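Worksheet: the structure to be examined is printed underneath.
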Amino acid sequence: MPPEKLEEENRGILVLGINRAYAKNSLSKNLVKTLSKTVDALKSDKKVRTIIIRSEVPGIFCAGADLKERAKMHPSEVGPFVSKIRAVINDIANLPVPTIAAIDGLALGGGLELALACDIRVAASSAKMGLVETKLAIIPGGGGTQRLPRAIGMSLAKELIFSARVLDGQEAKAVGLVSHVLEQNPEGDAAYRKALDLAREFLPQGPVAMRVAKLAINQGMEVDLVTGLAIEEACYAQTIPTKDRLEGLLAFKEKRTPRYKGE
22 MPPEKLEEEN RGILVLGINR AYAKNSLSKN LVKTLSKTVD ALKSDKKVRT IIIRSEVPGI
82 FCAGADLKER AKMHPSEVGP FVSKIRAVIN DIANLPVPTI AAIDGLALGG GLELALACDI
142 RVAASSAKMG LVETKLAIIP GGGGTQRLPR AIGMSLAKEL IFSARVLDGQ EAKAVGLVSH
202 VLEQNPEGDA AYRKALDLAR EFLPQGPVAM RVAKLAINQG MEVDLVTGLA IEEACYAQTI
262 PTKDRLEGLL AFKEKRTPRY KGE
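Residue numbers 22 to 284, in this note's numbering, belong to the letters of the sequence shown in order.
Right, dumping it as structure tokens:
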């Protein structure tokens with residue numbers, strides 16, 4: 022595909038690549054700070070329509086917290102630092118646009134928690150993932166005890182956390198931890214390529230609709246059905262006065278592709 026065609030196809034897709042190769046992309050103070058600044062900037066970037074989080078290090082997504090750095094911390098520093106990790110992962114979960122985690126390698130502890138904060142997870146069959154904190158006599162502190170049960174059910178989540186078990190891509194797909202699993206390719210980026218395919222499927226849709234659909238789903242899942250339906254109604258109402266909605270109707274009438282502007 023010509024470069025200009027590829028660029029047009031990918032416009033609106035932002036790829037957030039993690040590259041801390043010497044430490045297996047582990048979450049250090051500096052990496053968490055950098056990630057936090059990046060995510061803050063993305064919250065209000067209207068040009069971004071879908072975000073893919075991936076690793077630029079072959080065979081690694083994120084190995085979790087930087088334990089070498091952690092070992093040098095005073096006990097009084099540990100809690101506040103874990104709170105910072107939890108906060109940036111929460112910020113990722115609350116980004117207004119669809120997010121996809123492309124897991125082409127190892128995703129342990131905080132690395133899996135980072136992926137759990139994304140709307141969709143895709144993995145290579147060779148990937149390894151698990152919340153292994155109990156091996157270190159701690160618990161998942163970046164949202165894992167809350168998001169894993171919501172993703173795969175309470176009983177199985179407890180089993181995985183209690184055992185610190187690590188799953189491969191196929192096992193993760195079988196329990197519903199990831200949506201898609203791919204055989205790894207020679208380039209080592211099978212999950213990333215699938216994430217790009219998914220992102221391109223999302224791009225043609227109305228930007229306002231995508232944002233409020235995510236909001237309705239996220240908020241509705243935390244409440245009873247009656248309240249959830251009220252949330253849906255309120256979110257739907259936000260799409261009615263938009264120019265995009267009128268453009269969608271006109272494009273349907275004229276049998277052409279709609280040209281949405283996010284207005």
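Quick reminder that beta carbons are idealized off the backbone N, C-alpha and C, glycines included.
These numbers were taken from a predicted model, which means no experiment stands behind them.
Length of the line joining the Cα atoms of residue i and residue j
| i | j | result |
| --- | --- | --- |
| ASN40 | GLU77 | 5 Å |
| THR278 | LYS264 | 15 Å |
| GLU28 | VAL118 | Residue placement at GLU28 is poorly supported in this model, since its pLDDT is 49, which falls under 50; the coordinates still yield a value, given next. Cα-Cα distance, rounded: 20 Å. |
| GLY283 | LEU219 | 20 Å |
| ALA230 | ALA62 | 21 Å |
| LEU188 | PRO262 | 46 Å |
| ARG91 | LYS194 | 32 Å |
| LEU56 | ASN46 | 12 Å |
| GLU208 | LEU137 | 25 Å |
| ILE182 | ARG168 | 12 Å |
Among the options, nearest to residue i - alpha-carbon criterion
| i | options | result |
| --- | --- | --- |
| ASP10 | LYS67, LYS68, ILE73 and ALA62 | As shown, the chain starts at 22 and ends at 284. That puts residue 10 outside it, with no answer to give. |
| ALA123 | HIS201, GLN259 and ARG107 | HIS201 |
| GLY85 | ALA212, ARG70 and ILE106 | ILE106 |
| ALA158 | ARG70, GLU98, GLY130 and ARG142 | GLY130 |
| VAL233 | ALA216, LEU56, CYS256 and SER49 | CYS256 |
| LEU135 | GLY269, GLY38 and ILE34 | GLY38 |
| GLY132 | GLU154, LEU116 and PRO101 | GLU154 |
| TYR213 | LEU267, LYS93 and ALA148 | ALA148 |
| LEU250 | ALA237, PRO262 and ILE261 | ALA237 |
| LYS235 | THR55, ASP140, ARG75 and GLU204 | ASP140 |
| LEU198 | PRO207, GLY165 and GLU204 | GLY165 |
| PRO170 | LEU271, LYS67 and GLU243 | GLU243 |
Bridge-paired residues (DSSP) for residue i
| i | result |
| --- | --- |
| CYS83 | ALA128 |
| MET150 | ALA128 and LEU188 |
| SER76 | ILE39 |
| LEU48 | ALA86 |
As an exercise, report each continuous beta strand (DSSP E) stretch of at least 3 residues that is fully enclosed by the stretch 196-238, in chain order. 201-203
Do three or more CB pairs link the stretch 52-60 to the stretch 96-113 at distances below 8 Å? yes
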